[in-house]
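First residue of the sequence shown: 1, per full-length UniProt numbering; consecutive thereafter.
Backbone N, C-alpha and C fix where the C-beta goes; we use that ideal spot for every residue, glycine too.
Everything numeric in this text was worked out from a predicted model, so none of it was measured.
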Amino acid sequence: MPIRSLSIKKIRNIAAVSFEPSERINIIYGANGSGKTSLLESLHFLGLTRSFRTNQFRYLVTTAEREALVFSQIDAMGNGQVKPLGVSRDVEGDVKIRYGGNNIDLSELAGLLPLQLINTDTFELLEGSPSTRRQFVDWGAFHSDHSFIQLWRAFKRVLQQRNSLLKCGKIDPVLRKIWDAEFILYAEQMTNLRQRYIDLLMPDFEEILLRLVGDLSITVKFSAGWDRKRPLDELLSECLLRDLKQGFTSIGPQRADLKVKSEGISASERLSRGQKKLVVSALKLAQGALFHRLNNRACVYLIDDLPSELDKHHSRLFCEFLEQTNNQCFITCVDPESLTAFWKPDTAVAYFNIEAGQLVPTH
Ligand SMILES: Nc1ncnc2c1ncn2[C@@H]1O[C@H](COP(=O)(O)OP(=O)(O)OP(=O)(O)O)[C@@H](O)[C@H]1O
1 MPIRSLSIKK IRNIAAVSFE PSERINIIYG ANGSGKTSLL ESLHFLGLTR SFRTNQFRYL
61 VTTAEREALV FSQIDAMGNG QVKPLGVSRD VEGDVKIRYG GNNIDLSELA GLLPLQLINT
121 DTFELLEGSP STRRQFVDWG AFHSDHSFIQ LWRAFKRVLQ QRNSLLKCGK IDPVLRKIWD
181 AEFILYAEQM TNLRQRYIDL LMPDFEEILL RLVGDLSITV KFSAGWDRKR PLDELLSECL
241 LRDLKQGFTS IGPQRADLKV KSEGISASER LSRGQKKLVV SALKLAQGAL FHRLNNRACV
301 YLIDDLPSEL DKHHSRLFCE FLEQTNNQCF ITCVDPESLT AFWKPDTAVA YFNIEAGQLV
361 PTH
C-alpha cells in the first residue's frame with residue numbers, strides 16, 4: 001500500500017490531523033463544510049504540491065497561516081520499504097519536497113505517488129478544453145515510458161522558440177529549417193508514445209466501462225494534433241503564412257486531443273450527468289489498472305462524493321470494482337450509510353468522521 005501514515009497541517013480548515021489510513025478503502029464522511037474535500041486536497045498536495053480546487057496556492061493554506069505541510073510515510077514501490085515523504089509550501093509559493101531524507105523535484109514526486117482524482121471537475125475530461133484531455137493522456141504516457149518527460153520538455157522548449165520567432169512576423173528560412181527539424185523529431189516521438197499509451201489503455205477502458213455502465217456505446221480516439229497521414233514538414237510549410245499572422249504554431253502535439261463519442265456524437269453533448277461520471281471514472285480506473293500492470297504498483301484514488309450523480313445500483317458497481325483493484329482509495333461522502341453495505345467483510349475498509357477539520361476513526 002502506498003500511504004501508511006499521514007499528518008496534515010494548516011490546510012483550509014484542517015489545523016492539524018494525523019491518522020493511519022487503510023491500505024485499501026478509506027471512507028471520509030461528514031457534513032457540508034466539515035473538511036472532506038480539504039482532506040483530499042491535502043493528499044493531492046502531497047502528490048503534486050498543488051490544489052485541485054484553486055490555482056492560487058494561498059487559498060489552500062489556512063487563513064492567517066504562512067505554510068501548509070503534509071508529512072507521510074509511504075511505501076512508494078509497494079515492496080515494503082517505507083520512507084518518509086514531506087511536502088511543504090508557503091504562501092509565497094516556495095515548495096520543499098523531502099523523500100527519504102533528500103530533496104527531490106516535482107517529476108520525481110509524481111513518479112513516487114501516482115494519484116488519480118475523481119471529483120465534479122473531472123467532467124471537464126469530457127466537457128472541458130483539449131488541454132484537460134492532453135493532461136490525461138500525458139499522465140499515462142509519463143507513467144508508462146520514462147523517456148516521455150524528456151521528450152515533452154524538449155518539445156516544449158522548441159515550440160516556445162518557434163513561436164517567439166513567429167511572433168516577429170517574419171522568419172529566416174535557414175533558422176526555420178533548424179527549428180522545424182527539431183520540432184518534427186520530438187513531435188513524432190512524443191506522439192508515438194501518446195498513441196501507444198491510448199492503444200494500451202483502450203481494452204482496460206472497454207472492460208471497465210462494460211462493468212460500470214453495461215452496454216453504452218463509447219468510442220475514444222486519439223487525435224495527434226495534425227494529420228498524421230501527411231508529412232509534418234509539409235504541413236508546417238503549408239501553415240507558415242497563417243502561423244506568422246497568428247504568431248504561434250497551429251499544428252503539432254500541442255493541439256492533441258481525445259475525441260470521446262457516443263453513437264457518433266460528442267459524449268459531452270449526449271450523455272447524462274451520471275453516465276458522464278461513469279465514463280470519466282472508467283477512463284481513470286483504466287489508467288490505474290494499466291499502471292498496475294506496467295509497474296506492478298498501485299495508484300492512490302481520491303474520489304470526492306462518490307455517491308453524487310449515481311443511483312444506488314451504479315454506486316454499488318463502482319464500489320465493487322474499486323474493491324477488486326489494488327488501489328488505495330480515499331472516498332468522501334456526506335452519509336456513510338450510502339456506502340457501508342457495498343463491501344465484502346474481509347475488505348480493509350476504514351471509516352473516518354470529519355467535523356470542523358478534526359478527524360475521528362469510527363466503525
Ligand atoms: N484557507 C482556509 N482557511 C480556513 N478555512 C477554510 C479555508 N478555505 C476554506 N475553508 C473552510 O474549510 C471548510 C471545509 O471545506 P471543504 O470544502 O473541505 O468541505 P466539505 O466537507 O468537502 O464540504 P461539502 O460536503 O459541502 O463539499 C469550509 O467550511 C470552508 O469554508
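C-beta contact flag for residue i and residue j at 8 Å
i, j, result
"I149", "F142", "yes"
"S268", "L126", "yes"
"T37", "T332", "yes"
"G274", "E309", "yes"
"V70", "V87", "yes"
"A348", "I25", "yes"
"V158", "Y186", "yes"
"residue 364", "W179", "This structure leaves residue 364 out entirely; the chain is present only between 1 and 363."
"L6", "F19", "yes"
"G35", "R12", "yes"
"L212", "L290", "no"
"N296", "G47", "no"
"P114", "G100", "no"
"A224", "T249", "no"
"L235", "D227", "yes"
"L258", "R53", "no"
"E51", "I14", "Sequence check: residue 51 is Ser here, not Glu. Their beta carbons are not under 8 Å apart, which means S51 does not touch I14 by this criterion."
"T49", "L106", "yes"
"A350", "N326", "no"
"residue 367", "D138", "Residue 367 cannot be examined here, being either before or after the span of the chain that is shown, 1 to 363."
"E263", "S217", "yes"
"G30", "I265", "no"
"G288", "Q116", "yes"
"L271", "G169", "no"
Contact test: residue i Cβ vs ligand 1 heavy atom, cutoff 7 Å
i, result
"Y301", "no"
"S308", "no"
Sequence-distant residues of the same chain with beta carbon closer than 6 Å to residue i, five excluded per side
i, result
"F352", "I28, L359, P361"
"A286", "L201, D204, F205, I208"
"S338", "P307"
"I118", "S281, K284, I303"
"V82", "R4, Q73, D75"
"I97", "V87, I104, L109"
"I171", "L165"
"S129", "none"
"S144", "Y197, L294"
"T219", "K261"
"P231", "none"
"P253", "A187, M190, T191, G225"
"V17", "I8, L359"
In DSSP terms, what residue i is bridged to
i, result
"D257", "S223"
"C333", "Y29"
"P84", "Q73"
"D90", "E67"
"L322", "None, per the DSSP bridge assignment."
"Q116", "Y301"
"F248", "Looking at the DSSP assignment, F248 forms no beta bridge with any residue, so it has no partner."
"T362", "Y351"
"N102", "Y99"
"A16", "K9"
"I265", "S262"
Beta-carbon contacts of residue i that lie in its chain and below 8 Å, excluding the five residues immediately before and after
i, result
"T122", "K277, V280, S281, K284"
"G175", "Reading the sequence as shown, one finds Leu at residue 175 and not Gly. Excluding positions up to five away in sequence, the list reads L165."
"R242", "S250"
"W343", "I25, C319, E323, V349"
"F45", "I11, S51, L60, A68, V70, V87, R89"
"G93", "F57"
Proximal residues to residue i (C-beta, below 7 Å), its chain only, five neighbours per side dropped
i, result
"I3", "P21, S72, I74, V300, Q328"
"K10", "V61, T62, E65, E67, A68, L69"
"K167", "G247"
"P336", "I27, Y29, Y351"
* **Distance cut 5 Å, beta-carbon to ligand 1 heavy atom: residue list by chain order** => By the rule of a C-beta closer than 5 Å to any heavy atom of ligand 1, the residues picked out are R12, N13, N32, G33, S34, G35, K36, T37, S38, T62, T63.
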